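Below: the structure, in structure tokens.
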Amino acid sequence: LQARRPATAAACARAAMATNKEAAKTAEEPEGGPAPSSGAIVAAPNPQLLRMLRRAALRKQRVVEVLDDDSDEDKDKDKKKKTSKSRSRSRKRRKREASRDRQSNFTQQKMLDAIQRPIGMPFQGIRAGLLDVVSGGTSMGPAPVDEMGRSKKVCTRFLAGECPMGAECPLLHPGTPMDVARWISYFGKQPCKAGEACFSERCLYEHPHR
2 LQARRPATAA ACARAAMATN KEAAKTAEEP EGGPAPSSGA IVAAPNPQLL
52 RMLRRAALRK QRVVEVLDDD SDEDKDKDKK KKTSKSRSRS RKRRKREASR
102 DRQSNFTQQK MLDAIQRPIG MPFQGIRAGL LDVVSGGTSM GPAPVDEMGR
152 SKKVCTRFLA GECPMGAECP LLHPGTPMDV ARWISYFGKQ PCKAGEACFS
202 ERCLYEHPHR
């Protein structure tokens, strides 16, 4: 019995040392398991996992292409809107310029007709206008007066060549072509009281909206 006891104690000591070595080795190994040695065989990648990665990459590429296409379409729409707005403004500007040119030509023609018309000549084509208004002058000096010293207003229908009363008109008819031209020029610088509601091409007043 005394001979067996030392042998049993030695065996227990060896077992304890082996257990300590295994515990130390386990503590030194990484969490993912022991690193493969140079001679170890590396497992092949999973084909299903590779297919999933490829599909994910393709989906990402398609999303990027769709976003690029949307941005290009938005840019094209913005360009078309800007082009249509600029064209609309250009058309409106051309219409205003054309209307302004017609009004200017009409005024100039009336001034030329007044200069060339003999004094006392009866007017032709008498008809009622849309704006049968008369006014006196301010920037051309005091209002005209008659033989009795009473102030009188200038007949704009006479200036436009449309006064139906002729010499019986109670309003003032300028006596010389130069006076007629001066009054036409004066009224052409005054804003029309009807504003944008005036559509008469024979109106002598200024129309900024045309």
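So our numbering is basically just the index in the sequence shown, starting at one, shifted up by 1. Heads up, the beta-carbon is just placed ideally off N, CA and C, and yes, glycines get one too. Values in this document were obtained by computation on a predicted structure and should not be read as measured data.
Check your understanding: Thinking just about the alpha-carbon of each residue, which of 157, 92 and 63 is nearest to the one in residue 173?
Key -> The count along the sequence shown starts at 1 and reaches residue 173 at position 172. The closest CA to that of residue 173, considering only 157, 92 and 63, is found on 157.
**Study point:** Proximity winner among 191, 16, 198 and 186, relative to residue 110 (alpha-carbon distances)
**Key:** Residue numbering aside, residue 110 sits at position 109 when the sequence shown is read from its first letter. Looking at the Cα atoms, 186 is the closest of the given residues.
Check your understanding: Just the Cα atoms here: how many angstroms apart are residue 65 and residue 58?
Key -> As a position in the sequence shown, residue 65 is number 64, starting the count at 1. As a position in the sequence shown, residue 58 is number 57, starting the count at 1. Distance between the alpha carbons of residue 65 and residue 58 is about 11 Å.
Practice item. Report the option in 165, 184, 102 and 162 whose CA atom is closest to the CA atom of residue 154. Key: The residue you call residue 154 lines up with position 153 of the sequence shown. For the options 165, 184, 102 and 162, the alpha carbon positioned closest to that of residue 154 is the one of 184.
**Study point:** Reduced DSSP secondary structure (H/G/I, E/B, other) of residue 209
**Key:** Position 208 of the sequence shown, counted from the start, is the residue given in the question as residue 209. Residue 209: coil per DSSP, three-state reduction.
Point to revise | Span of the alpha helix (DSSP H), counted from its first residue to its last, around residue 186 | key: Here residue 186 refers to the residue found at position 185 when the sequence shown is read from its first residue. Following the DSSP letters along the chain, one finds residue 186 inside the alpha helix (DSSP H) bounded by residues 178 to 188.
**Study point:** Helix, strand or coil at residue 172 [DSSP, three-state]
**Key:** Position 171 of the sequence shown, counting from 1, holds the residue named residue 172. Here residue 172 sits in coil by DSSP.
Exercise for review: Consult DSSP for residue 165 and reduce its assignment to one of helix, strand or coil.
Suggested key: Here the question's residue 165 lines up with position 164 in the sequence shown. Looking at residue 165 - three-state DSSP - the assignment turns out to be coil, as it is neither helix nor strand.
Check your understanding: Around the Cβ of residue 188, are there at least 16 other Cβ atoms within 10 angstroms (buried) or fewer (exposed)?
Key -> Against the sequence shown, residue 188 aligns to sequence position 187. By the neighbour-count rule (16 or more Cβ atoms within 10 Å), residue 188 is buried.
Review point. Near residue 197, what residues of its chain come up, given a Cβ to Cβ distance below 6 Å and the 5 sequence neighbours on each side ignored?
Key: The residue given as residue 197 occupies position 196 in the sequence shown. Correct list, in chain order: 210.
Practice item. Would you kindly report the start and end of the unbroken alpha helix (DSSP H) that includes residue 159? Key: The sequence position of residue 159 within the sequence shown is 158, counting from 1. Taken as a continuous stretch (DSSP letters only), the alpha helix (DSSP H) holding residue 159 covers 157 to 160.
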